[in-house]
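Numbering (full-length UniProt numbering), first residue to last: 1 to 200.
Dropping the structure here:
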């Protein structure tokens with residue numbers, strides 16, 4: 001694989017950092033290419049040498065981050081792994097998910113913040129739902145038969161995971177990835193009613 005020139009990487013890093021810092025102040029529609037180039041201390045020609053426009057810039061950085069997340073939480077759906085899929089494996093997946101988010105916490109802080117594009121949260125939710133469904137497929141194969149409707153289950157647990165990620169961001173990622181993974185596993189394992197100690 002051909003290595004990318006360090007100067008190119010440095011310029012791209014400056015452009016991305018400038019864009020993210022601007023999104024902390026205003027939404028994407030209010031951010032101009034001139035704003036980005038001024039913040040990154042580059043000229044417009046340099047920006048356009050790397051990105052077609054600000055929309056393409058946003059799409060590229062979102063794709064890179066989410067591709068990295070998907071790689072971190074990949075589930076082996078092969079038959080020989082199905083018997084081994086357990087709460088322990090689920091815990092490991094949660095751990096990898098939170099570790100990956102923590103590595104990119106500055107990105108998530110902006111993208112899930114006040115001015116972050118809604119498309120990012122939507123894509124993140126889609127990924128969580130896709131991999132939750134993969135987990136069901138590994139455990140149940142083609143015969144998924146839950147005590148609640150499958151679509152409702154997927155919506156519930158996906159929203160719960162996304163909600164916990166939002167909670168973590170709002171608290172400046174103060175808790176460790178290990179702590180967050182353990183908390184999510186307990187909610188999965190015990191359910192909301194048991195955790196809250198509701199009586200019949």
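In this text, a Cβ means the ideal position worked out from N, Cα and C, and glycines have one as well.
- Contact between residue 88 and residue 125 does not hold, since their C-beta atoms are separated by about 25 Å, which reaches or exceeds 8 Å.
- The beta carbon of residue 39 sits closer than 7 Å to the beta carbons of 18, 21, 22 from its chain, once the five residues preceding and following it are set aside; these are given in chain order.
- If you draw a straight line from the Cα of residue 52 to the Cα of residue 44, it is about 11 Å long.
- The beta carbon of residue 37 sits closer than 7 Å to the beta carbons of 43, 44, 47 from its chain, once the five residues preceding and following it are set aside; these are given in chain order.
- Nearest neighbour of residue 113 by Cα position, chosen from 27, 13, 14, 9, turns out to be 27.
- Burial of residue 181 is indicated by the presence of at least 16 other C-beta atoms within 10 angstroms of its C-beta.
- Put simply, the backbone Cα of residue 163 is about 22 Å away from that of residue 61.
- Non-local beta-carbon contacts of residue 63 in its own chain, meaning distances under 7 Å to residues more than five positions away in sequence, are absent.
- In this structure, the CA atom of residue 142 is about 19 Å from the CA atom of residue 74.
- In terms of Cα proximity to residue 133, the closest of 59, 154, 123, 6 is 154.
- Within the UniProt domain "HTH tetR-type" (9-69), the alpha helix (DSSP H) runs of at least 4 residues that lie entirely inside it are, in chain order, 33-40, 44-50.
- Pairing residue 30 with residue 199, the inter-Cα distance amounts to about 51 Å.
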